[in-house]
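Listed in order, the protein sequences are those of chains S and F. In the working numbering, each number is its position in the first sequence, counted from 1, plus 15. In the working numbering, each number is its position in the second sequence, counted from 1, plus 104. Structure first, then comments.
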Amino acid sequence: MARTSDRRIEHLLRRAGFGARPDEIDYYTEMSVTQAVDALLNYDNIVDDVDAFIGKPGYVNTTNRGQFLPQSNIVDARQRWLFRMVHSDRPLQEKMTLFWHNHFATGYNKIAGFLGAAEATRYFAAKAEQDPGRVRGQVEMLRDNALGNFRDILVNIAKDTAMLVWLDGRTNTRAMPQENFAREIMELFTMGVGAYTEEDVYAGARVFTGWNLARPGAAADGSQHYEFVYNAAQHETNPKTFSFPIYPDGNRTIPGRSAAQGMQDGLDFIDALAASPNTARYLATKLYRFFVSEMGPVNNGFVERVASVYLQSRYDMKAVMRAVLTAPEFWDQSAYFARYSWPVEFVVRALKDIGWVGFSVNDALAPLQNMGMILYEPPDVAGWDPGQPWFSTGAMLARMNFAATLAANQRFNLATQAKLTLASRSPDTLLFHMTSALRTAPLDGGVASEWANYLRATGAWTGSDAQIQAKASGLAHLMAGSPEYQLV
Amino acid sequence: MKVTRRQFIEGGVAAFTVTFAAPEFFVDVARAQGAHARNLVVLYLGGGNDSLSMLVPYNDPFYRVRRPTLAVPAGQVLQIGTDGSRVALGLHPRLTGLKQIFDQGKLALIQRTGYENQSRSHFLGTDIWSTADPNNPQALGWVGRYLDSLPSPVDALAGWNTTGTLPHVLQARTAVPSIANAAGYSFLSPNGGAEAAAERETALRIASHVPVDRPELAFVYESSRAALSTLDRVASVATYRPATAYPNNGFGQAMQAVAGAMVRAIGTRVFYVTTGGFDTHSGQNVNAAGGAYFNLMATLNDGLFAFYNDLRSQGLLEDTLVLSFSEFGRRISENGSQGTDHGSASVMMAIGGRVNGGFYGTAPNLNLDPRNPTLENNAADVRYETDFRSVYAQVLDSWLGTDSVRVLGGNFRKGGLGFI
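Below, the structure written as structure tokens:
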């Protein structure tokens, strides 16, 4: 497990992925940094077959309750996503999917309250090719478009079944416009608070009147499902005027249209939001915080540069992410370990570093909840509150305890590796071996010697199997539970 | 050995008695001393509470006109009298416990609380209510700033957040623990016996020193240290078995943990609890048993009433103040989805043994006339009458015994708010 590798590659994989398995380190270390960025961005060249390995030996386990049903059981959907984070060879796709899930934060519970548990899971996690009604769940849509066009993602989100329930668009009618989606698409999905007025919210609600749900298909073969419908009879046809330009010529008014043509209102509005320089900067700022640094103020040069790539490429997220991953700010030494890992980032990275054999991702779900993160269940439409708020005492304890659980699970593997690499010869060789496997932010003074003292506590060094099992797992616990390891 | 806050205060008082010096210090110590047994429970109603369904102006003719499906029938509200503007008011029918608390004079209803140009955004709105600073909603929380103002070192359990992640209201320089589940608050180890003990000692020793010049890392260290150094005290809370039955839901269990912390006297002064689901844009269903808003009221009522009864039987009611807030009230007229959209001013509640119960401020008049001075936004929303910061000021000055001007960064004291 001890490994030598390029620190830059490790940094890249912590950000563009969820850390690195030993085989990922080997694979990417063969490349230059430029080639590695290319490989991560051009993941379409790599076959997307990760789901086929669920339940296979050599991979992290999942736990079945009868059958494994990620299309209809939210717990299984969570397991499948964690499995992908550990084992996908398209790490940036999974990382961007998480970014979008947080950006378009939609919560399972409200959908389940309306549609029931199995149906709600479907609208988050169904893969179209496996669904009798060809339903593609919201997060699968985001995954398919992880580096797609942002305007297309917005259109898909506006028509997304889970979103139409989550932000009540299904009830947005001519007589009574529903403001929920109109507000959040401006505030949270595109331009940001302050870039629109209350009157814009009211006008935006009218724009999306009639963007409702229908329920085609047959109950008998399971193809019956909810899907977006433009309900012309419920569309409000008057002109809608905004405080910001809707059209490239600066016109701020969406013209009155016949009800039959009225769906174009929403498309015009989404085009305007996608084209807004406020959206460009809002997204660039979020990308900076998620991929580059959470320390200090957001770098304005980065934001302006990435925002202009966004606008010039007409919202092409692959071009945008290339700009992010090649930015000098991304590669600056000060950006290394300058983010607080999200709970799933921590959990998956620890699995990749310490080992997953014999461990079920199902046993990470309760710890993740204690760390403050349930996939498919962001706390509200603004998503999670990343950064320091992840590190409440209870959440920090949950991280330490997850490290303990994982280390306990890998006692024998850790000892075996230590034996094979001769790391068992002394406390110092074991410490060196382990610090090579679990990369951390620069250790604060005294930490390494405290770890060394721990290895020497409780008795003389014998290098026996029992001692290595105890000390290697105890050290893995202390290291993955350390403050420095929480930074990525 | 660490000096606890209580020891500091007691020492401070002794010092004063001897010297009769430093009047400024006297004020501080007296304030702190007055506050030393007092608890504040901050209750956040997440999503924007439709306070017109919680405290119902059931005789206002426009109430029924504007809420054809959502209005609570006059015959069903729990009538609790009329306010200073002679508006007859009633509690939601499911708030039977709160009605009893009101009748005992221990529930204050502070009407039309809000601020100028109130944000209708959940997030900006919550930030503003949390910081008490509409001009700098990224500031530390107002309760966090209160904790920071306590004599140093502030005990690691001075605050207790009962949710998983730290709410903005408690963000502070002081690390405030988030302990969603006291029973799970223990230190696991891959080993047993002496090895496990050695791990815990090592972790605590490492966490107890402060990284120099690395504030971002020092923050994580502080969380780690706070967790490891409070394990045993928190464990004592997990064993609390109240005589009163609390509801088996998140809010009820959080209130039980708060009561447990008080009974075990672990030193916590400020608690944060929340109950969510108030963003009732559709299917609000105020009236039917099992309806969305009806359930919200059930959760709120049953958790608070169990807590109230528990504290009363423990003799701790006099030491406790519960203060509720929500990011905004809701639109007066119902929407086409039998729900209500984001609005403006709403009602805050204060509950406690030393609360002077009753109505504070006046109810809105729901008349649709755009010139109606109790409304705003063309009579769509309730206009604030009492700045929410004046309510905070009252709590800081008269309950927590500190200087509200210092914590709030301005003088928001207002007469007629003697609810505590």
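We put the beta carbon where it would ideally sit given N, CA and C, even for glycine.
Same chain, Cβ closer than 8 Å to residue i, neighbours up to 5 away in sequence not counted
| i | result |
| --- | --- |
| Gly409 of chain S | Asn385 |
| Tyr488 of chain F | Arg216, Thr217, Gly218, Tyr219, Glu220, Gln222, Ser448, Ala449 |
| Arg168 of chain F | Ala175 |
| Asn295 of chain F | Glu303 |
Supposed close pair residue i, residue j - CB separation, criterion 8 Å
| i | j | result |
| --- | --- | --- |
| Leu251 of chain F | Val374 of chain F | 7 Å |
| Gly225 of chain S | Gly271 of chain S | Not quite, the Cβ-Cβ distance comes to about 14 Å (not below 8 Å), so this is no contact. |
| Ile184 of chain F | Phe206 of chain F | 5 Å |
| Ser375 of chain S | Thr78 of chain S | 5 Å |
| Ile524 of chain F | Val486 of chain F | Their Cβ separation, rounded to whole angstroms, is 24 Å, which puts Ile524 of chain F and Val486 of chain F out of contact at 8 Å. |
Residue i, buried or exposed, once every other Cβ within 10 Å from all chains shown has been counted against 16
| i | result |
| --- | --- |
| Leu429 of chain S | buried |
| Ala139 of chain F | With a pLDDT of 38 at Ala139 of chain F, under the threshold of 50, the modelled position of this residue cannot be trusted; read the value that follows with caution. With 16 or more Cβ atoms within 10 Å of its Cβ, Ala139 of chain F is classed as buried. |
| Thr331 of chain F | A quick correction: the sequence has Ala, not Thr, at residue 331 of chain F. Buried, since its Cβ has 16 or more Cβ neighbours within 10 Å. |
| Glu422 of chain F | exposed |
| Val396 of chain S | buried |
| Glu199 of chain S | buried |
| Asp175 of chain S | buried |
| Thr343 of chain F | exposed |
| Gly297 of chain F | exposed |
| Val150 of chain S | buried |
| Gly419 of chain F | exposed |
| Asn88 of chain S | buried |
| Asp280 of chain S | buried |
| Asn517 of chain S | Chain S is shown from 16 up to 503; residue 517 of chain S falls before or after that span and cannot be answered. |
| Pro382 of chain S | buried |
| Gly465 of chain F | buried |
| Leu437 of chain S | exposed |
| Ser479 of chain S | exposed |
| Leu435 of chain S | exposed |
| Gly188 of chain F | exposed |
Own chain partners of residue i with C-beta closer than 7 Å, once the 5 adjacent residues on each side are dropped
| i | result |
| --- | --- |
| Ser428 of chain F | Leu147, Leu149, Met452, Met453 |
| Tyr500 of chain S | Leu453, Thr455, Met494 |
| Met46 of chain S | Ala54 |
| Ser327 of chain F | Ala279 |
| Asn424 of chain S | Gly373, Phe374 |
| Pro127 of chain F | The pLDDT assigned to Pro127 of chain F is 32, lower than 50, so where the model puts this residue is not dependable; a value taken from the coordinates is nonetheless given after this. For Pro127 of chain F, where only same-chain residues beyond five positions count, there are no Cβ hits under 7 Å. |
| Ile285 of chain S | Arg166, Leu169, Val170, Ala173 |
Other residues of its chain near residue i: CB distance less than 6 Å, five sequence neighbours each side excluded
| i | result |
| --- | --- |
| Ala119 of chain F | Reliability fails at Ala119 of chain F, whose pLDDT of 26 lies under 50, so the model's placement of it is uncertain and no value is given. |
| Ser333 of chain F | Ala260 |
| Ala422 of chain S | Ser488, Ala491, His492 |
| Asp300 of chain S | The question names Asp, but residue 300 of chain S in the sequence shown is Thr. Excluding positions up to five away in sequence, the list reads Val313, Val318. |
| Phe345 of chain S | Val307 |
| Ser258 of chain S | Thr212, Asp215 |
| Leu366 of chain S | Val101 |
| Ala134 of chain F | Low local confidence applies: a pLDDT of 36 at Ala134 of chain F is under 50, so the model's placement there is unreliable, with the coordinate-based value given in what follows. Cβ neighbours of Ala134 of chain F beyond the five flanking positions: none. |
| Glu39 of chain S | none |
| Leu502 of chain S | Phe352, Ala456 |
| Gln275 of chain F | Leu244, Gly245, Gly248 |
| Val48 of chain S | Arg23 |
| Tyr162 of chain F | Ala178, Val181, Gly194 |
Using a Cβ distance threshold of 8 Å, determine whether the segment 200 to 207 of chain F contacts the segment 433 to 449 of chain F, with at least three qualifying pairs required.
No, they do not touch.
Could you tell me whether the segment 376 to 388 of chain F touches the segment 396 to 407 of chain F, where touching means 3 or more Cβ pairs closer than 8 Å?
Using a C-beta cut-off of 8 Å, the segment 376 to 388 of chain F makes contact with the segment 396 to 407 of chain F, since at least three inter-stretch Cβ pairs fall below that distance.
I want to know whether the segment 410 to 418 of chain F touches the segment 164 to 180 of chain S - three or more CB-CB distances under 8 Å.
Not touching, per the Cβ criterion.
At 4 residues or longer, and completely inside the segment 422 to 482 of chain S: list those alpha helix (DSSP H) runs for me, N to C.
Here the runs fully enclosed are 426 to 435, 442 to 452, 462 to 471.
For the pair the segment 430 to 445 of chain S and the segment 299 to 319 of chain F, tell me if three or more CB-CB distances fall below 8 Å.
Look at the beta carbons and you see the segment 430 to 445 of chain S not touching the segment 299 to 319 of chain F: under three pairs across the two are nearer than 8 Å.
Does the segment 47 to 60 of chain S come into contact with the segment 349 to 366 of chain S, if we say contact requires no fewer than three beta-carbon pairs (one atom in each stretch) closer than 8 Å?
No, they do not touch.
Inter-stretch contact at 8 Å, needing at least 3 Cβ pairs: the segment 243 to 250 of chain F / the segment 353 to 370 of chain F
With the cut-off at 8 Å, the segment 243 to 250 of chain F and the segment 353 to 370 of chain F do not touch.
Does the segment 59 to 71 of chain S come into contact with the segment 368 to 378 of chain S, if we say contact requires no fewer than three beta-carbon pairs (one atom in each stretch) closer than 8 Å?
The answer is no - the segment 368 to 378 of chain S does not touch the segment 59 to 71 of chain S, with fewer than three Cβ pairs under 8 Å.
What are the uninterrupted segments assigned as alpha helix (DSSP H) that are 4 or more residues long and contained completely in the segment 384 to 468 of chain F, given in chain order?
Within the segment 384 to 468 of chain F, the complete alpha helix (DSSP H) runs of at least 4 residues are 396 to 418.
Does the pairing of the segment 134 to 147 of chain S with the segment 188 to 195 of chain S give three or more beta-carbon distances under 8 Å?
The segment 134 to 147 of chain S is not in contact with the segment 188 to 195 of chain S.
Relative to chain B, which residues along the segment 459 to 486 of chain S have a C-beta separation below 9 Å, given in chain order?
Given the protein chain composition of this structure (S and F), no chain B is represented.
Segments assigned alpha helix (DSSP H), at least 4 residues, entirely inside the segment 173 to 224 of chain S:
Within the segment 173 to 224 of chain S, the complete alpha helix (DSSP H) runs of at least 4 residues are 176 to 181, 195 to 199, 213 to 222.
Runs of beta strand (DSSP E) wholly within the segment 334 to 416 of chain S (minimum 3 residues, chain order):
Fully enclosed beta strand (DSSP E) runs of 3 or longer: not present.
Assess contact between the segment 511 to 524 of chain F and the segment 428 to 437 of chain F, defined as three or more Cβ pairs (one per stretch) separated by less than 8 Å. Is contact present?
No, the segment 511 to 524 of chain F does not touch the segment 428 to 437 of chain F.
Contained alpha helix (DSSP H) runs [length at least 4] in the segment 480 to 507 of chain F, N- to C-terminal order
If one requires a minimum length of 4 residues, the alpha helix (DSSP H) runs lying completely within the segment 480 to 507 of chain F are 492 to 502, in chain order.
Beta strand (DSSP E) segments (min. 3 residues) lying fully within the segment 176 to 230 of chain F
Fully enclosed beta strand (DSSP E) runs of 3 or longer: 182 to 186, 192 to 195, 211 to 218.
What runs of the alpha helix (DSSP H), each 4 residues or longer, lie entirely inside the segment 287 to 338 of chain S?
The qualifying runs are 292 to 302, 315 to 327.
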